[in-house]
Amino acid sequence: MSFFGKFRRKLVLNGKFRNYLIYAFGEILLIVIGILIAWKINNLNEIRKNKIVEVKIYETLYDELRTNLNVIDSAIVRYNTSRLSLKNTLHYVGLEIREVKQETKNVIIGVRFKETSLRNDALNSINNTNKFEFLENDALKGLIAAYPNEIKIFKSQENKIENIVENRLKPIIEKHISLADMLPENEESYIQIKTFGAQSNYTSLLNSRDYQNSIIDRLLQTDIQLKYAKSLRFKTEKLAIKLKQELE
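Using the working numbering, read the sequence shown as starting at 488 and increasing by one per residue.
As structure tokens, then:
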């Protein structure tokens, strides 16, 4: 820099003011170009870092969605099995006690609810933090932003089914049926309760309006949930495909 300073002073002292201006302008231009190059390099580094973060977000979310697809597939199978069992139960209404076979008893007693455990850690991390700013694809951002509501609808309907099972069906069944019927046959440790315990009344249960209404309500809610499950699966797969395309 001292060399350039001496050169400028020499030009001024020699009266070459025009040459001095041209030189000064060139020097300023070089400085500006240097600043722009440095800015561009820094900007490219930021873009590279953001792209790394973006790819990591997509990879994590893609893995989560693939897991959820398997979970939803299992849930759809479970809902279809439940619908069949509930329809069969309605066919038992009006049976006499002699007509209630052990297989029928097992279906009636085997009332259970299983929660669908969907993963949403990666999804929540994106929607509840500043990670959205790293995503470049606007269409994909829209799908990601809308997806939590699909899970919410699915979960809300599943909660309705759980409420029917836990707060309506089970209490009605236990009012008429002895849970001793669920104990293994021919085991000495259970002979006493099976022989002298309160006996089940399947006819009374099957003819109970509360029981019938609970079964029908669960069947109707399961039909609705099955539609939600298929819709959620479609949208999960659609989002997973979009993510895979971004990763390729």
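Glycine is no exception: its CB is placed at the ideal position from the N, C-alpha and C atoms.
Of the residues the options, the one placed nearest residue i, counting alpha carbons only
| i | options | result |
| --- | --- | --- |
| I640 | A685, T603, Q686 | T603 |
| K574 | Q699, E583, L552 | Q699 |
| K717 | N650, I563, V542, V540 | I563 |
| R655 | K725, R599, D560, L582 | R599 |
| L693 | Q708, K662, E674 | K662 |
| K731 | N607, E546, V519 | E546 |
| R553 | L605, K588, D697 | L605 |
| A667 | P635, K657, I659, I678 | I678 |
| F721 | E637, N567, T568, E623 | E637 |
| T690 | T568, K543, G581, L556 | G581 |
| R565 | E675, K601, R535 | K601 |
Whole-Å CB distance - residue i paired with residue j, under 8 Å assumed
| i | j | result |
| --- | --- | --- |
| S701 | I651 | 6 Å |
| S541 | A609 | According to the sequence shown, residue 541 is Glu rather than Ser. At roughly 13 Å, the Cβ-Cβ gap does not stay under 8 Å, so E541 and A609 are not in contact. |
| R570 | T709 | 5 Å |
| I648 | Q712 | 6 Å |
| I544 | L627 | So it is not a contact: roughly 10 Å between Cβ atoms. |
Separation of residue j from residue i, as counted between CA atoms
| i | j | result |
| --- | --- | --- |
| K714 | L707 | 11 Å |
| A727 | Y549 | 6 Å |
| K592 | D560 | 29 Å |
| N615 | I539 | 20 Å |
| V594 | I660 | 12 Å |
| E586 | K642 | 38 Å |
| G521 | D625 | 34 Å |
| G629 | E645 | 25 Å |
| L516 | L523 | 10 Å |
| E733 | V558 | 24 Å |
| I703 | P635 | 30 Å |
| M669 | S687 | 11 Å |
| S489 | I631 | A caution first: S489 carries a pLDDT of 49, below 50, which makes its placement in the model too unreliable to give a value. |
| P658 | I596 | 12 Å |
| F504 | W526 | The pLDDT assigned to F504 is 48, lower than 50, so where the model puts this residue is not dependable, and the model offers no usable value. |
Within-8 Å CB hit, residue i to chain D
| i | result |
| --- | --- |
| Q708 | Included in the structure is just one protein chain, with no chain D present. |
Exercise. What are the start and end residues of each continuous alpha helix (DSSP H) run of 4 or more residues lying completely inside the stretch 537-607, in chain order?
Worked result: 589-596
For this session: Would you mind listing the alpha helix (DSSP H) stretches within the stretch 617-657 that are 4+ residues and don't spill past its ends, in chain order?
Result: 625-651
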